Amino acid sequence: MLGNLIQQTVNALTIGSIYALIALGYTMVYGVLRMINFAHGEMFMLGAYVAFLVLSMLVGDVGMAGAIALTVAFLVAIFLVGFIGVGIERVAYKPLRNSTRLAPMLSSLGVSLSLVTGIQILAGPQPVAFPSFFPVVRYEVMGGTITSMQIGILVAAFVLMFGLYFLVNRSRIGIIVRAVSESRPTAQLLGINVNGAISMVFFVGPLLGAAGGILYASYYGIMSPSMGAVIGLKAFTAAILGGIGSIPGAMLGAFILAFVEVGGTALLPIVTHGVLGTEYRDVLTFAILILVLLVRPAGILGEAVSEESIVYKREF
Amino acid sequence: MSVAETLAAVRPRSSRAVAFLVFAIAIALIAATPFLPNYYIRVIDSLLIYILLGIGLNIVIGYTGLLDLGFVAFYAVGAYSYALLASPQLDLHLPFLLILLVAACLGAITGILLGIPVLRLRGDYLAIVTLGFGEIVRIIINNLDWLTGGPKGIARLDKASILGIQIARPVDFFWLLLVVVLLAGLVAWRLERSILGKAWAAIREDQDAARGIGINTTNAKLAAFATSATIGSIAGAIFGASQRFVSPESFTLQESVLIVLMIVVGGIGNILGIVAGAAILILLPEVLREFAEWRILFLGLLMIFLIIVRPAGIVPRSFGPDKLIRRLIGK
């Protein structure tokens, strides 16, 4: 029992940390642009594909040794996807910055569709086996099994999240980004480079998303062009649950969501005596989301913006 | 003569010509459809169903300004109403018109049920909750095997008939859908101009001001959800009757997103825009069929391009059906 509990907790933490990496991208973009970036799930997918490509080039053509090649591929992939994110913002969202709020969101849907189909054309629609980025060793902890892969994912995710925390709260760039997300016109009046701050967000968000994608593909040993859609939706739900626009909220939401999912899978059939099976896991997730939003309409840690707040006006 | 004067002299006649052309093409298409091969009639049928869905969703998105990403749930309610009430599944075989009525009522009820909890939420939260609602409905349909047949769906639905006239061939559905689309379009267009429609517009433009001048925003929003859901549900029932098979696959999130895109690409808040958006997003993939997945890539890029070039849609909100008619008769 205890072993099972430990094992499920570690499972939830692993999935939760991957969700958190992606949810952060949603929440940061929302923070500065008040825009839901539907193409963010595709950054997650691109991360896995780019890493796979870089890795096969490094190992095949350059003949680099395993562990170094993996580290290099990971870093190259996340930075590349970061730059792709900046490029996409320039082309597809920047021209719409003073348009209706719906326009950039739908443009991002177009981006998402193009990226998924583009990868389908380039790499084929079928799922591809993904190499493990960590050696798999099993540890027995009080009857539960934990793999070194899970530990590796947790460490990598927490390093990245700590890096983000440092960047946002302790660096000059972070001050600029926070100022822009507080009030874009005021930041502009104070001489802050607003475009730079937005580019920064569209660099960091996809970078974290891509890292999440590599970790996820490595955890499950598989990647596919459509992997971004499902996980993107989950991470987006997590960001909303925690309060979109809030960075700690995104992390909290992601872990709550992961625990609900893992707990739901394990407990639903037992609690309901088999009436509701594990297939109702996502129903539980969304039901909890709706319940939380009924009590706290702005999410758990969201800024308490009432319906009458200025954000609501000129919505569409 | 200055440029402005030249333009002023040319414009009325040319825009009248445009209006005339639009009508001529529409009538020619309608007249030619019955003589096309069945495959093309089916494509046009599905186009009409999407236009109907667009008209329904537009009431919530275009008129009231609430982003609903779970519209497909109402579509599913309608389709499964038909599937359960006119198939061997529960061994019920009710007449088509009665089912249409039942579907409309069920749609309205589901619309209000969804409306009540989400009305407090701000725009983006509303979007995700409606999205979650759509997914919940789909997952439940997918897993309630004893009632809905689960992922296999329900097959062998009855042939529809209205007052003894059987509606089974694609061309029958074409006429039925044409009538329903025109009716729904008329209802939506008149509603937009009614007191209720003006309340919707007020909510869309500024919710606080709307409340300030005494509009009951809760009731107006509920009315928008109910009307939109009713139209969506009717579209679903007709869809079920025309396919004679329903399965959860037809009611995914992508479908909701497609309808939203149709509205926004075409021209938000405008029925003519919905027709244009549906023509691009539904017909284009059919026309470009031989290019397989390249057409989807093209569609995605086209979407970005259209939204950047025309953020308010291909047909602007101000150019409604009344303007088209007025141009045609030259007033």
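If you're matching them up, the sequences are chains P and S in order.
Counting from 1, position 307 in the first sequence corresponds to residue 420 in this note's numbering; the numbering is continuous, with no gaps.
Counting from 1, position 43 in the second sequence corresponds to residue 59 in this note's numbering; the numbering is continuous, with no gaps.
All C-beta atoms, glycine included, are put in the ideal place defined by N, C-alpha and C.
This structure is a prediction, so every number in the text was calculated from the model and none was measured.
Checklist entry - So the beta strand (DSSP E) Ile259/P belongs to, where does it begin and stop? => result What you label residue 259/P is simply residue 146 of the first sequence in a count that begins at 1. It spans Gly257 to Thr260 - the beta strand (DSSP E) in which Ile259/P sits, taken as one unbroken run.
Next on the checklist: Counting only C-beta atoms, is Glu420/P closer than 8 Å to chain S at any point?
Outcome noted: Numbered from 1 along the first sequence, position 307 holds the residue referred to as residue 420/P. At Glu420/P, the pLDDT of 43 sits below 50, so the modelled position is not reliable; the number obtained from the coordinates is stated separately. Judged by the 8 Å Cβ criterion, Glu420/P is in contact with chain S.
Checklist entry - With 8 Å set as the bound, which would you pick, yes or no: does the beta-carbon of Thr127/P sit closer than that to a beta-carbon of chain S? => result Residue mapping note: residue 127/P aligns to position 14 of the first sequence, counting from 1. No - not a single Cβ of chain S is within 8 Å of the one on Thr127/P.
Item to check | Cβ-based contacts, 7 Å cut-off: residues of the stretch 221–245 of chain P near chain S | outcome: Leu222, Gly223, Val224, Leu226, Ser227, Thr230, Gly231, Gln233 and Ile234
Checklist entry - In three-state terms, what does DSSP make of Ser225/P? => result For the purposes of this step, residue 225/P is identified with residue 112 of the first sequence, where counting begins at 1. Three-state result, Ser225/P: helix.
Checklist entry - With a Cβ-Cβ cutoff of 8 Å, do Tyr66/S and Ala294/S count as a contact? => result Locating residue 66/S in the second sequence gives position 50, counting from the first residue. Locating residue 294/S in the second sequence gives position 278, counting from the first residue. Yes, they are a contact pair.
Checklist entry - Gly282/S and Tyr79/S: beta carbons closer than 8 Å? => result Start at 1 with the first residue of the second sequence, and residue 282/S comes out as number 266. Start at 1 with the first residue of the second sequence, and residue 79/S comes out as number 63. No, Cβ-Cβ distance for Gly282/S and Tyr79/S is not below 8 Å.
Checklist entry - What residues from chain P crowd round Pro327/S, counting only those whose CB sits closer than 7 Å? => result Counting from 1 along the second sequence, the entry for residue 327/S is found at position 311. Neighbours of Pro327/S on chain P, chain order: Leu209, Ser212, Thr213 and Ala216.
Checklist entry - Can you tell me the Cα-Cα spacing of Ser169/P and Ile132/S, whole angstroms? => result Counting from one through the first sequence, the residue named residue 169/P turns up at place 56. Counting from one through the second sequence, the residue named residue 132/S turns up at place 116. Answer to the nearest angstrom: the Cα atoms are 53 Å apart.
Checklist entry - Taking a cut of 9 Å between CB atoms, which residues from the stretch 149–171 of chain S lie near chain P? => result Phe149, Glu151, Ile152, Ile155, Ile156, Asn158 and Asn159
Next on the checklist: Using only CA atoms, which one of Val172/P, Phe187/P, Met141/P and Gln233/P lies nearest to Val290/P?
Outcome noted: Locating residue 290/P in the first sequence gives position 177, where the first residue counts as 1. Out of Val172/P, Phe187/P, Met141/P and Gln233/P, Met141/P has the C-alpha closest to the C-alpha of Val290/P.
Checklist entry - Quick one, which residues of the stretch 377–397 of chain P are near chain S if we go by CB-CB under 8 Å, in chain order? => result Gly390, Glu392, Tyr393, Asp395 and Val396
Item to check | Chain-ordered residues of the stretch 303–318 of chain P with a beta carbon less than 8 Å from chain S | outcome: none
Checklist entry - Nearest chain S C-beta to Ala161/P closer than 8 Å, yes or no? => result Counting from one through the first sequence, the residue named residue 161/P turns up at place 48. Not closer than 8 Å to any Cβ of chain S, the Cβ of Ala161/P fails to qualify, so no.
Checklist entry - Considering only residues of the same chain and omitting the five flanking positions on each side of Gly144/P, which have a CB-CB separation below 7 Å? => result As a working note, residue 144/P is residue 31 in the first sequence. Excluding residues within five positions, the ones whose Cβ falls inside 7 Å are Ser294 and Gly358.
Item to check | Boundaries (first-last residue) of the alpha helix (DSSP H) holding Gln105/S | outcome: Indexing the second sequence from 1 puts residue 105/S at position 89. Premise fails: Gln105/S is in no alpha helix (DSSP H) and is neither H nor E.
Item to check | Closest by C-alpha distance to Val163/P, when choosing among Leu267/P, Gly362/P, Glu392/P and Ala323/P | outcome: In the first sequence, the residue the question calls residue 163/P occupies position 50. The residue with the shortest Cα to Cα distance from Val163/P is Ala323/P.
Item to check | Positions along the stretch 288–317 of chain S whose CB lies within less than 8 Å of some CB in chain P | outcome: Glu309, Trp310, Ile312, Leu313, Leu315, Gly316 and Leu317
Checklist entry - Can at least three beta-carbon pairs, one atom from the stretch 311–319 of chain S and one from the stretch 220–228 of chain P, be found at a separation below 8 Å? => result yes
Checklist entry - Under a CB-based cut-off of 8 Å, is Met319/S close to chain P? => result Numbered from 1 along the second sequence, position 303 holds the residue referred to as residue 319/S. Yes, because at least one Cβ of chain P sits closer than 8 Å to the Cβ of Met319/S.
Item to check | Beta-carbon gap between Ile234/P and Glu309/S smaller than 8 Å | outcome: Here the question's residue 234/P lines up with position 121 in the first sequence. Here the question's residue 309/S lines up with position 293 in the second sequence. Against a cut-off of 8 Å, the Cβ pair of Glu309/S and Ile234/P comes out as a contact.
Checklist entry - Going by DSSP, which residues form a beta bridge with Gly253/P? => result Within the first sequence, numbered from 1, the residue matching residue 253/P stands at position 140. This sequence places Glu at residue 253/P; Gly is not what is there. Partner(s): Thr258/P.
Item to check | Cβ pair Ala62/P, Ile327/P closer than 8 Å | outcome: Since the first residue shown for chain P is 114 and the last is 429, residue 62/P is missing from the structure and cannot be characterised.
Checklist entry - Taking C-alpha atoms, which residue in Val405/P, Leu303/P, Leu321/P and Arg297/P lies nearest to Ile311/P? => result To locate residue 311/P, count along the first sequence from 1; it is residue 198. Of the listed residues, the one whose Cα sits closest to Ile311/P is Arg297/P.
Next on the checklist: Could you tell me the alpha carbon to alpha carbon distance between Leu238/S and Ile128/S, rounded to whole angstroms?
Outcome noted: If you number the second sequence from 1, residue 238/S lands on position 222. If you number the second sequence from 1, residue 128/S lands on position 112. The alpha-carbon atoms of Leu238/S and Ile128/S are separated by roughly 6 Å.
Checklist entry - Mind checking whether Ala240/S and Ile75/S have CB atoms under 8 Å apart? => result In the second sequence, residue 240/S corresponds to position 224, counting from 1. In the second sequence, residue 75/S corresponds to position 59, counting from 1. A contact, by the Cβ cut-off of 8 Å.
Checklist entry - Going by alpha carbons, who is nearest to Thr230/P out of Gly345/P, Thr350/P, Leu346/P and Gly341/P? => result Mapped onto the first sequence, residue 230/P falls at position 117. For Thr230/P, the nearest C-alpha among the options comes from Gly341/P.
Checklist entry - With a Cβ-Cβ cutoff of 8 Å, do Ile344/P and Phe151/P count as a contact? => result Translated into the one-based positions of the first sequence, residue 344/P becomes position 231. Translated into the one-based positions of the first sequence, residue 151/P becomes position 38. No, these two residues do not count as a Cβ contact at 8 Å.
Checklist entry - Who does Met336/P pair with in a DSSP beta bridge? => result Residue 336/P sits at position 223 when you count from the first residue of the first sequence. Answer is Val241/P, bridged to Met336/P.
Checklist entry - Are Val280/S and Gly329/S touching if we call contact CB-CB under 8 Å? => result Residue numbering aside, residue 280/S sits at position 264 when the second sequence is read from its first letter. Residue numbering aside, residue 329/S sits at position 313 when the second sequence is read from its first letter. For Val280/S and Gly329/S, yes; Cβs fall inside 8 Å.
Item to check | Nearest candidate by alpha-carbon position, reference Ser177/S, set Leu116/S, Ala204/S and Pro50/S | outcome: As a working mapping, residue 177/S is identified with position 161 in the second sequence. The shortest Cα separation from Ser177/S among Leu116/S, Ala204/S and Pro50/S belongs to Leu116/S.
Next on the checklist: Just verifying my parser: in three-state terms, what is the DSSP assignment at Ser177/S?
Outcome noted: Translated into the one-based positions of the second sequence, residue 177/S becomes position 161. The answer is strand: DSSP assigns Ser177/S an E or B state.
Next on the checklist: For the pair the stretch 36–50 of chain S and the stretch 250–266 of chain S, tell me if three or more CB-CB distances fall below 8 Å.
Outcome noted: no
Item to check | Which listed residue (Ala47/S, Ser97/S and Met319/S) has its alpha carbon closest to that of Phe261/S | outcome: Against the second sequence, residue 261/S aligns to sequence position 245. Of the candidates Ala47/S, Ser97/S and Met319/S, the one whose C-alpha sits nearest the C-alpha of Phe261/S is Ser97/S.
Checklist entry - Which residues, in order along the stretch 68–98 of chain S, keep a beta-carbon less than 9 Å from a beta-carbon of chain P? => result Ile77, Gly78, Gly81, Leu82 and Leu83
Checklist entry - Using a beta-carbon distance below 8 Å, is Pro410/P in contact with chain S? => result For the purposes of this step, residue 410/P is taken as the residue at position 297 of the first sequence. Yes, because at least one Cβ of chain S sits closer than 8 Å to the Cβ of Pro410/P.
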